[in-house]
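All residue numbers for the sequence shown refer to our numbering, where the first residue is 58 and numbers rise by one. From the three backbone atoms N, C-alpha and C, an ideal C-beta is built for every residue, glycine too. Below you'll find the structure, written out as structure tokens, and then a few comments.
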Amino acid sequence: MEKREMLYEGKAKKVFATDDPDIVIVDYKDDATAFNGVKKGTITGKGVINNKMTNYVFRELEADGVPTHFIKQLSDRETEVKKVKIVPLEVIVRNVAAGSFSKRMGVPEGKELLQPILEFSYKCDELNDPFINDDYALALGLATQEDIDTIKSYTKKINAFLIDYFLKADLKLIDFKIEFGKDKDGKILLADEISPDTCRLWDVHTNEKLDKDRFRRDLGNVEEAYNEVFKRLGIDS
Ligand code: TMP
Ligand code: ASP
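Written out as structure tokens, the structure is:
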């Protein structure tokens, strides 16, 4: 597969065309941003960790019946994926109160929720990814009812898988954000990434934060946290 021109540069990844119109190459950067790009920095080694961790998890999820865009890891930072059109919804699952939920609802971080919450944000940087519901998504044509049903059903499966997967590494999955895309046949696929950038992960014994909140909140030991998660998960490829 020949890597061609860059199609898109996001905050954490670049996307390149290939000689196959249905396949693109994702290239993970060490760049980190928070608060919609207001805070900028570098987390050395993050790109490698996020690439390998995402690919490992996506392979496992495929085996569990969740279709993903993953095709093949090409290098430490590069992965071949199916080209998709991203559904403009950030799909967030919360198992424990934290972050914007705690702020909005006045619930202390760390409070267990009686059941997981699945919420949507409209993926739009200019508007700061506003919180929306199913009706907003339908009324604005961001997704169809069938898309939403499929996305919710996959997301519940992903949450169940991830809770268990991280718990085996002594990590509590507080919340996470995922994105889906549609392939050329209109099929919904899990896309983007699953990494310490997009999940809140706390040590199960001490509640130490081992994710991007260390960067967002200037808690220090950012690289160490990413390395710790990666080491605990025992991903070697
Ligand atoms: P929040 O509490 O700030 O809404 O974040 C919920 C989850 O989504 C948390 O695991 C971090 C992740 N997230 C992203 O992956 N990208 C983002 O832009 C934001 C705001 C959150
Ligand atoms: N997507 C957010 C930003 O751009 C980063 C985050 O908080 O995860 O800056």
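#1: Which residue marks the beginning of the alpha helix (DSSP H) containing residue 166, and which one marks its end?
#2: When the distance is taken between beta carbons, is residue 89 closer than 8 Å to residue 272?
#3: Excluding the 5 residues preceding and the 5 following residue 64 in the sequence, name in chain order all residues of the same chain whose CB lies nearer than 7 Å to its CB.
#4: Tell me the DSSP secondary structure of residue 288 in three-state form.
#5: For residue 99, which residues from the same chain have a beta carbon less than 8 Å from its beta carbon, with the 5 sequence-adjacent residues on both sides left out?
#6: Does the region 242-257 come close enough to the region 171-180 that 3 or more CB-CB pairs lie under 8 Å?
#7: For residue 279, which of helix, strand or coil comes out of DSSP?
#8: Which residue or residues does DSSP assign as beta-bridge partners of residue 63?
#9: Run through DSSP, which three-state label would residue 81 get?
#10: Going by the beta-carbon positions, is the gap between residue 149 and residue 207 smaller than 8 Å?
#11: Output yes or no for whether 8 Å exceeds the beta carbon distance between residue 164 and residue 224.
#12: Alpha carbon to alpha carbon, what distance is there between residue 202 and residue 170?
#13: Is DSSP giving residue 296 helix, strand or coil here?
#14: For the pair the region 176-191 and the region 110-122, tell me if three or more CB-CB distances fall below 8 Å.
#15: Can you check the region 126-205 for any alpha helix (DSSP H) of at least 4 residues that lies completely inside it and give the ranges in chain order?
Walking through what the data contain:
#1: It is not in any alpha helix (DSSP H) - residue 166 carries neither H nor E in the DSSP assignment.
#2: yes
#3: 72, 73, 74 and 81
#4: helix
#5: 87, 88 and 89
#6: no
#7: helix
#8: 73
#9: The answer is strand: DSSP assigns residue 81 an E or B state.
#10: no
#11: In this structure, the beta-carbon distance from residue 164 to residue 224 does not fall below 8 Å.
#12: 27 Å
#13: The requested residue 296 does not occur in the structure, where the chain is confined to residues 58 to 294.
#14: no
#15: Those alpha helix (DSSP H) runs which fall completely within the region 126-205 and span 4+ residues are 156-162 and 191-196.
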